[in-house]
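S.K.: Below are the structure tokens for one structure; questions will follow.
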Amino acid sequence: MAEKTILLVEDDEEDQFLMREAFNDNGIGEALRFASNGESAIEFLDELNEQELPSLIVMDLNMPRMNGRETLTHLKQHDVYKSIPVIIYSTSINDIERIRCKEIGAAAYIIKPTTFTECQEIAKWFHKIGCGSEVKEENTEA
Numbered sequence: 002m003a004e005k006t007i008l009l010v011e012d013d014e015e016d017q018f019l020m021r022e023a024f025n026d027n028g029i030g031e032a033l034r035f036a037s038n039g040e041s042a043i044e045f046l047d048e049l050n051e052q053e054l055p056s057l058i059v060m061d062l063n064m065p066r067m068n069g070r071e072t073l074t075h076l077k078q079h080d081v082y083k084s085i086p087v088i089i090y091s092t093s094i095n096d097i098e099r100i101r102c103k104e105i106g107a108a109a110y111i112i113k114p115t116t117f118t119e120c121q122e123i124a125k126w127f128h129k130i131g132c133g134s135e136v137k138e139e140n141t142e143a
């Protein structure tokens with residue numbers, strides 16, 4: 002992974018498919034990598050050297066084996082991974098979840114889009130952040 006990449010941690014195959022299509026439609030499909038849960042994300046990261054690490058991690062909150070909050074906690078306590086921005090990408094509109102994730106270290110907490118057009122816009126926003134743009138709070142809701 003010499004170029005900037007984004008790791009999408011998502012257990013729902015349909016959501017993975019939609020995000021892949023949104024990235025491909027924007028001409029940035031090569032930037033996206035996938036893990037299906039928190040455990041597999043950590044295993045994936047552990048296999049990379051520091052130069053290969055993704056520039057952004059986008060993670061679902063509700064996943065089996067190791068949920069988004071548990072994975073976020075692990076990442077933010079790890080010396081090598083703690084500097085990678087993590088965006089929680091969830092269907093949960095629970096303000097308590099949002100606050101907890103931000104306290105743990107999430108760069109943003111956004112609600113999954115309801116249309117493919119919104120998904121395409123979010124894919125562009127993720128790519129922009131993955132390329133080094135600052136996460137601005139007003140961009141954290143779909």
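According to my numbering, the residues represented by the sequence shown are 2 to 143, in order. Glycine included, C-beta positions come from ideal geometry on N, C-alpha and C. No experiment lies behind these values; they were computed from the predicted model shown.
CA-CA distance, Q17 and E11?
M.R.: If you take the alpha carbons of Q17 and E11, they lie about 6 angstroms apart.
S.K.: Using 7 angstroms as the limit for Cβ to Cβ distance, is R101 near chain B?
M.R.: Protein chains in the displayed structure number just one, and chain B is not present.
S.K.: Three or more C-beta pairs under 8 angstroms: does that hold for the segment 78-91 against the segment 22-30?
M.R.: As far as the Cβ criterion goes, the segment 78-91 does not touch the segment 22-30, which means the pair count is below three.
S.K.: Secondary structure at M20, three-state DSSP: helix, strand or coil?
M.R.: DSSP places M20 in helix when its eight states are reduced to three.
S.K.: Using alpha carbons as the reference points, say which of T115, I105 and H75 lies closest to S93.
M.R.: Out of T115, I105 and H75, T115 has the C-alpha closest to the C-alpha of S93.
S.K.: Can you tell me where the alpha helix (DSSP H) with S41 in it begins and where it stops?
M.R.: Counting along the chain, the alpha helix (DSSP H) containing S41 begins and ends at G39 to D47.
S.K.: Assuming L57 and S91 are in contact, meaning their beta carbons sit under 8 angstroms apart, how far apart are those beta carbons, in whole angstroms?
M.R.: Not really, about 16 angstroms apart at Cβ, beyond 8 angstroms.
S.K.: Following the continuous beta strand (DSSP E) through I88, name the residue where it begins and the one where it ends.
M.R.: Unbroken beta strand (DSSP E) run through I88: V87 to S91.
S.K.: Bridge partners for Q10 per DSSP, in chain order?
M.R.: The residue asked about is misnamed: residue 10 is Val in this sequence, not Gln. For V10, which the question treats as bridged, DSSP gives the partners A36 and M60.
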